[in-house]
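J.: First the structure, then my questions, so here it is.
Residue numbers (the numbering used here), protein chains in the order written: chain X, 8 to 153; chain U, 5 to 410.
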């Protein structure tokens, strides 16, 4: 993460948001595998939430858009300064994409531990990874200087 | 008002993604609390109905879930013997719901026939909007059978009108006479699924007496035993009936007295509700945590705008009022969206012609929904308080000079 725009706190924030999204998705899938016995009350309550599982997951991924948006807005001055001292916009963008992907991959790998613990399919979170990659690529187009 | 408009249009909406992010999170928190509150209200309603039934001396029958039941082996002569034994030795309440039949009506709904005996009728205390209560001393095949109709059938079949129809359980042509109309949204819950409701807006309640039961088919006989309630009875007497049913029908029934039912339901309801509330609390805390993060991020980006306004005379208390108004507007939008979704779901039952879930209500919402919305509004006030107070604390911690320079 040399010359990265990401500070430690930014990495933690992004990491936490990814993990919340991955864990929520896994818990939704796990709850469906549970045998709730005769408890119809619990079953119908969980059903009313699981019914909207996909919508809730996508809504939660929206928080990552907020992260990218605020991050790039805060970093505009820093990007200008870097370009002043000899960096290029292309390099900044490439580093931003690579750093974002690294954080995504690490959080995905960490979420796999939960996958194994709950004995769920390892591909469960892949669609979210795909969505997050799209967010990263779109936000890369918004890397601008002041 | 002008300052609020200025803040919303020139500061908050300048970064619409942050506003959308906040609406998304608050909507998730509201949807979750709404679902939970409605589930809890519905469960308590079901519990209330169960308490009406579960009085001293009542024993409720329940098919043993562990037994192997072979319904093909049962014939009408055997069930008639069981009911003869019941009539001679017990006082019982019998109610069998949901024999769906086609009866022309303006909403083209299928009509469930619910059969109820006098004792069950006394316990259930159905409320009427028009007409008189049922009487049970009619002669089967001679007199018209008095019935109650749901509110949705009242226009097609008003009080005093007659319906000639093949009864679904006796398979005989009967004359029904509408004696009363049920109140809108008359409902009943299942003992074991108290949060699930059946609405009787398109149902017909048909009174049954001993003569009717003897003429009825196997379906009514067998289904009637499933939720049979023995009144003024003892466990020993119930065990005699258990033996009789086992001998005649080969079915194993459990009979639970008042205390056993209370113990089971208290345990079942309480545990389920505790789990539901815990899940909701944890999820709400996570979502509100994200919403606070979202708002602090907004402050980071908008601090220059805030501090410039503070510099030119805006007080912190006025800024707080602006934030409360802003969240008031956001929560109002979210509550409207939530109401529209709920109305759409309720209206879906009318579109699907699902007579057991079709309900009447103001803007399509029934009292339970309004009550849940009111409680969600109260939860929203708490969430808004937490977010706004933390935000103001954050803004106060940034010196005006630093903020302006940003």
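The C-beta atom is built at its ideal place from N, Cα and C for all residues, glycine as well.
Just so it is clear, the structure is predicted and the values come from calculations on it, not from any experiment.
Using Cβ-Cβ distances below 9 Å, what residues of the segment 52-74 of chain X are close to chain U?
T.: So the close ones are 52, 53, 55, 56, 59, 63, 66, 67, 69, 70, 72, 73 and 74.
J.: Where residue 116 of chain U and residue 105 of chain U are concerned, what is the direct C-alpha to C-alpha distance, given to the nearest angstrom?
T.: Spanning the two alpha carbons is a distance of roughly 6 Å.
J.: I'd like to know whether the C-beta of residue 352 of chain U is nearer than 8 Å to at least one C-beta of chain X.
T.: Not closer than 8 Å to any Cβ of chain X, the Cβ of residue 352 of chain U fails to qualify, so no.
J.: Distance check for residue 187 of chain U and residue 38 of chain X, CA to CA, integer angstroms please.
T.: Going from the Cα of residue 38 of chain X to the Cα of residue 187 of chain U covers about 39 Å.
J.: Whole angstroms are fine: how far does the CA of residue 300 of chain U sit from the CA of residue 362 of chain U?
T.: In a straight line, the C-alpha of residue 362 of chain U is about 44 Å away from that of residue 300 of chain U.
J.: Which residue from U/246, U/287, U/140 and U/170 puts its Cα closest to that of residue 216 of chain U?
T.: For residue 216 of chain U, the nearest C-alpha among the options comes from U/140.
J.: Using a Cβ-Cβ cut-off of less than 9 Å, list which residues of the segment 156-181 of chain U approach chain X; keep chain order.
T.: Within the segment 156-181 of chain U, no residue has a Cβ that lies closer than 9 Å to any Cβ of chain X.
J.: So, helix, strand or coil for residue 151 of chain X, using DSSP?
T.: DSSP places residue 151 of chain X in coil when its eight states are reduced to three.
J.: Mind pulling the chain X residues with CB within less than 8 Å of residue 279 of chain U?
T.: Result: 49.
J.: Suppose you measure from the CA of residue 384 of chain U to the CA of residue 340 of chain U; what does that come to, to the nearest Å?
T.: Each residue's Cα considered, the two are about 13 Å apart.
J.: Within its chain, find whatever has a CB closer than 7 Å to the CB of residue 67 of chain U; leave out the 5 residues flanking it on each side and keep chain order.
T.: Counting only Cβ-Cβ distances below 7 Å, and skipping sequence neighbours, we find 73, 230, 255 and 257.
J.: Tell me whether residue 183 of chain U sits in a helix, a strand or coil according to DSSP, three-state version.
T.: Three-state DSSP puts residue 183 of chain U in a strand.
J.: Closer than 9 Å, Cβ to any Cβ of chain X: which residues of the segment 299-312 of chain U, in chain order?
T.: Listed by position along the chain: 301, 302, 304 and 305.
J.: Measure the alpha-carbon distance for residue 20 of chain X versus residue 71 of chain U and round it to whole angstroms.
T.: Distance between the alpha carbons of residue 20 of chain X and residue 71 of chain U: 55 Å.
J.: Quick one: what's got a C-beta closer than 8 Å to residue 297 of chain U's C-beta in the same chain, skipping five residues either side?
T.: Excluding sequence neighbours, residue 297 of chain U sits near nothing in its chain.
J.: What are the boundary residues of the beta strand (DSSP E) that residue 356 of chain U is part of?
T.: Taken as a continuous stretch (DSSP letters only), residue 356 of chain U belongs to no beta strand (DSSP E), as it is neither H nor E.
J.: Run through chain X and tell me which residues come within less than 9 Å of residue 32 of chain U, C-beta to C-beta.
T.: Those within 9 Å of residue 32 of chain U in chain X are 63, 66 and 67.
J.: When you compare each of U/308, U/51, U/207 and U/212 to residue 147 of chain U by their alpha carbons, which one comes out closest?
T.: The shortest C-alpha separation from residue 147 of chain U is found at U/212.
J.: Could you check the C-alpha separation between residue 6 of chain X and residue 149 of chain X for me, to the nearest Å?
T.: In this structure chain X extends from 8 to 153, so residue 6 of chain X is not present and cannot be described.
J.: Residue 156 of chain X and residue 129 of chain X: beta carbons closer than 8 Å?
T.: For residue 156 of chain X there is no data in the structure shown, the boundaries of chain X being 8 and 153.
J.: Which first and last residues belong to the beta strand (DSSP E) in which residue 100 of chain U is found?
T.: Unbroken beta strand (DSSP E) run through residue 100 of chain U: 99-105.
J.: Nearest-angstrom Cα distance between residue 110 of chain U and residue 358 of chain U?
T.: Spanning the two alpha carbons is a distance of roughly 14 Å.
J.: Helix, strand or coil, according to DSSP, for residue 71 of chain U in the structure here?
T.: Reduced to three states, the DSSP call for residue 71 of chain U is coil.
J.: Could you round the C-beta distance between residue 66 of chain X and residue 28 of chain U to whole angstroms and report it? I think they count as a contact, below 8 Å.
T.: Confirmed, about 5 Å.
J.: Please list, in chain order, the residues of the segment 10-22 of chain U that have any C-beta partner in chain X closer than 7 Å.
T.: Within the segment 10-22 of chain U, the residues whose Cβ lies closer than 7 Å to some Cβ of chain X are 21 and 22, listed in chain order.
J.: Helix, strand or coil for residue 163 of chain U, going by three-state DSSP, please let me know.
T.: Coil.
J.: In this structure, how does DSSP classify residue 54 of chain X when only helix, strand and coil are distinguished?
T.: Three-state DSSP puts residue 54 of chain X in a helix.
J.: Can the beta-carbon of residue 96 of chain U be found closer than 8 Å to that of residue 123 of chain U?
T.: Yes, the Cβ-Cβ distance between residue 96 of chain U and residue 123 of chain U is below 8 Å.
J.: Hey, out of U/89, U/335 and U/352, whose CA is closest to residue 248 of chain U's CA?
T.: Closest by alpha carbon: U/89.
J.: What is the DSSP secondary structure of residue 370 of chain U, counted as helix, strand or coil?
T.: In this structure, residue 370 of chain U counts as coil in the three-state DSSP scheme.
J.: Under three-state DSSP, which class holds residue 198 of chain U?
T.: Residue 198 of chain U falls in the coil class under three-state DSSP.
J.: Compute the Euclidean distance between the alpha carbons of residue 206 of chain U and residue 356 of chain U, then round it to the nearest angstrom.
T.: Taking the straight line from one Cα to the other gives about 14 Å.
J.: Between which residues of its own chain and residue 352 of chain U is the CB-CB distance below 6 Å, once the five residues before and five after are set aside?
T.: So no residue of the chain qualifies.
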